[in-house]
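Protein sequences, first through last, are from chains B and H. No gaps in the numbering here: position 30 of the first sequence is 812 in the numbering used here, and each next residue is one more. No gaps in the numbering here: position 129 of the second sequence is 173 in the numbering used here, and each next residue is one more. Virtual Cβ for every residue (Gly too), placed ideally from N, Cα, C.
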Amino acid sequence: MPDNNEQAILEAASRVFETAAFLSVYPLDPSQELPPPERAATMTFHGAANGRVSMRVALSVLDSVVDNLLDLQDDPDELATRRGDVLKEMLNMLCGNILTEYFGAEPVFDLSPPELLQDETMPQPTSKEVLLVAMNIENTLAEVMFEVQNRQNL
Amino acid sequence: MAYNILIIDDSALTRTVMERTVRMCGVDVNEIRTAGHGKEALAVLESFWPDLVFCDINMPVMDGLQFIQTLQASDEWRDLPVVIVSTEGSETRMEELRRSGVQGYIRKPFAPEEVAAMIQQVLGAASNAR
Chain B
783 MPDNNEQAIL
793 EAASRVFETA
803 AFLSVYPLDP
813 SQELPPPERA
823 ATMTFHGAAN
833 GRVSMRVALS
843 VLDSVVDNLL
853 DLQDDPDELA
863 TRRGDVLKEM
873 LNMLCGNILT
883 EYFGAEPVFD
893 LSPPELLQDE
903 TMPQPTSKEV
913 LLVAMNIENT
923 LAEVMFEVQN
933 RQNL
Chain H
45 MAYNILIIDD
55 SALTRTVMER
65 TVRMCGVDVN
75 EIRTAGHGKE
85 ALAVLESFWP
95 DLVFCDINMP
105 VMDGLQFIQT
115 LQASDEWRDL
125 PVVIVSTEGS
135 ETRMEELRRS
145 GVQGYIRKPF
155 APEEVAAMIQ
165 QVLGAASNAR
C-alpha cells in the first residue's frame with residue numbers, strides 16, 4: 783500500500799473521533815511515550831472488496847467518549863458498561879469512513895457487526911495487504927489495522 | 045404540532061445520542077421510541093405512529109434495507125418518512141435508497157446541526173404537503 787493510505791486512515795480517525803466525540807487525533811510522535819491501548823475490537827467488510835478493520839485504544843479514550851456524549855461522569859458503573867458499546871460504534875464509524883477514503887464513494891460494502899476482542903492485542907493479519915497505523919488520541923496510543931483480503935470488483 | 049420520532053439502530057450509544065440530539069434540536073417532539081433492529085421497529089409500529097423514522101443500515105436480525113422494503117410493501121406505512129443514519133458513504137447505495145423512497149441520508153459521524161436540518165427539511169416538507 784502506498785504511504786498516503788496511512789494519511790487516509792489518520793484522516794478517517796480524526797473525522798470520527800473529533801466529530802462524534804470532540805477528541806483530538808494526531809500523528810504519532812515516535813519520541814513521545816504514551817499510555818498503551820487497553821481494549822481492542824474488530825469487524826469485517828464484504829462487497830467490492832473483502833477485509834477487516836481492527837482498533838486498539840486506551841480506556842481513558844473510551845471513558846472520554848462516554849463522558850462527552852452521554853454525560854455519565856457521576857455514574858461509574860454505567861460508564862464501565864458503556865465502554866464496549868462505545869468501542870464498537872467508534873470502530874463501526876471508522877470502518878465506513880476508511881472504506882470511502884480508500885476505495886472512493888462508488889463501491890458498496892456490507893459491514894459485519896463489530897466484535898470486542900478478549901484482550902488488548904491486535905488480531906493476527908490474514909492478508910498480505912495490511913496497513914497498521916499508530917496515532918495519538920488524547921495523549922494515549924491508539925492503533926488501527928486495515929486489511930484487504932481480496933478485491934472482487936476493484 | 046408535536047412530532048413522534050422512531051430511532052432504529054443496533055448501537056445503544058447511537059440510539060441515546062440520537063434521542064438527545066433530536067430533543068435538543070428545537071423541534072417540538074411529543075414522543076421518541078427506539079428499536080435495535082428492523083424487526084423490533086415493526087413491532088413498535090403496531091402501537092406507535094411516528095412522523096419520522098431515523099434508521100441505520102447495518103443491523104442484525106433485520107437490516108435497514110429490509111425494513112424499508114417492508115414499509116414500501118405496506119399500504120399503511122409506504123409514505124412514512126425515513127431518513128437513513130449510517131456509517132456507509134457509498135453513492136451507489138444512497139441512490140438505491142433514494143429510489144426506495146428514503147427521504148434523506150445522514151452519515152456517521154454527524155454533527156447535531158445535520159440532524160436538526162434534516163428534521164426541519166423532512167417534517168417541514170411533510171407539513172406543507174398536508
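{"query": "CB-CB under 7 Å to E788(B), same chain, minus the five flanking residues each way: which ones, in chain order?", "result": "L913, V915"}
{"query": "Identify the contact partners of G133(H) in chain B, using a Cβ-Cβ distance below 8 Å as the criterion.", "result": "G878, N879, L881, T882, A887"}
{"query": "Counting only beta-carbon atoms, is T58(H) nearer than 9 Å to chain B?", "result": "yes"}
{"query": "Which residue from L899(B), L881(B), E897(B), P905(B) puts its Cα closest to that of F891(B)?", "result": "L881(B)"}
{"query": "Who are the Cβ neighbours of S846(B) in its own chain at under 8 Å, not counting the five residues just before and after it?", "result": "A803, L805, E920"}
{"query": "May I have the straight-line CA-CA distance separating E815(B) from T863(B), to the nearest angstrom?", "result": "29 Å"}
{"query": "Could you confirm whether any beta carbon from chain B is found closer than 9 Å to the beta carbon of M83(H)?", "result": "It should be noted that the sequence gives Lys, not Met, for residue 83(H). Chain B, which has no Cβ nearer than 9 Å to the Cβ of K83(H), makes this no."}
{"query": "What does W55(H) reach in chain B if we use C-beta pairs closer than 8 Å?", "result": "The residue you asked about is not Trp; residue 55(H) is Ser in the sequence shown. Under the 8 Å cutoff, chain B gives D867, K870, E871, N874."}
{"query": "Could you tell me which chain B residues have their CB closer than 9 Å to the CB of T136(H), listed as they occur along the chain?", "result": "A887, E888, P889, V890"}
{"query": "Comparing the C-beta of P784(B) with each C-beta of chain H, is any distance below 9 Å?", "result": "Annotation note: pLDDT 41 at P784(B) (below 50); position unreliable, coordinate value reported separately. Not closer than 9 Å to any Cβ of chain H, the Cβ of P784(B) fails to qualify, so no."}
{"query": "Would you mind reading off the limits of the beta strand (DSSP E) that contains T824(B)?", "result": "821-829"}
{"query": "By the three-class DSSP mapping on this structure, what secondary structure does I128(H) have?", "result": "strand"}
{"query": "So is S842(B) in contact with chain H if we call contact Cβ pairs under 9 Å?", "result": "no"}
{"query": "Please report whether the beta-carbon of F98(H) lies at a distance below 9 Å from any beta-carbon of chain B.", "result": "no"}
{"query": "In the DSSP assignment, what residue or residues form a beta bridge with R77(H)?", "result": "L50(H)"}
{"query": "Assuming L869(B) contacts V61(H) under a Cβ cut-off of 8 Å, what Cβ separation, rounded to an integer in Å, is found between them?", "result": "Between V61(H) and L869(B) the Cβ distance is about 15 Å, and since that is not below 8 Å, they are no contact."}
{"query": "Pull out every residue of the segment 788-821 of chain B whose Cβ sits closer than 9 Å to any Cβ of chain H, in chain order.", "result": "R797, V798, F799, E800, T801, A802, A803"}
{"query": "So, is the C-beta of P104(H) closer than 9 Å to a C-beta in chain B?", "result": "yes"}
{"query": "Apart from the five residues just before and just after F92(H), which ones in its own chain have a Cβ nearer than 6 Å to its Cβ?", "result": "R77"}
{"query": "For N874(B), count the other beta carbons within 10 Å of its own beta carbon; 16 or more makes it buried, fewer makes it exposed. Which is it?", "result": "buried"}
{"query": "Starting from the N-terminal side, write out each stretch of the beta strand (DSSP E) that is 3 residues or longer and does not extend beyond the segment 90-162 of chain H.", "result": "96-99, 126-130, 148-151"}
{"query": "Suppose you measure from the CA of A56(H) to the CA of R865(B); what does that come to, to the nearest Å?", "result": "11 Å"}
{"query": "Tell me the DSSP bridge mates of R933(B)?", "result": "A831(B)"}
{"query": "In the structure shown, what three-state DSSP assignment does E800(B) receive?", "result": "helix"}
{"query": "Which class does V848(B) belong to by DSSP, given the choice of helix, strand or coil?", "result": "helix"}
{"query": "Suppose the cutoff is 7 Å on Cβ atoms and the five residues either side in sequence are ignored; what does the same chain contact list for P104(H) look like?", "result": "D54, H81"}
{"query": "Using CA coordinates, which residue listed in G70(H), T58(H), A79(H) is at the minimum distance from Y47(H)?", "result": "G70(H)"}
{"query": "Under three-state DSSP, which class holds V938(B)?", "result": "In the structure as shown, chain B starts at 783 and stops at 936, and residue 938(B) therefore has no counterpart that could be examined."}
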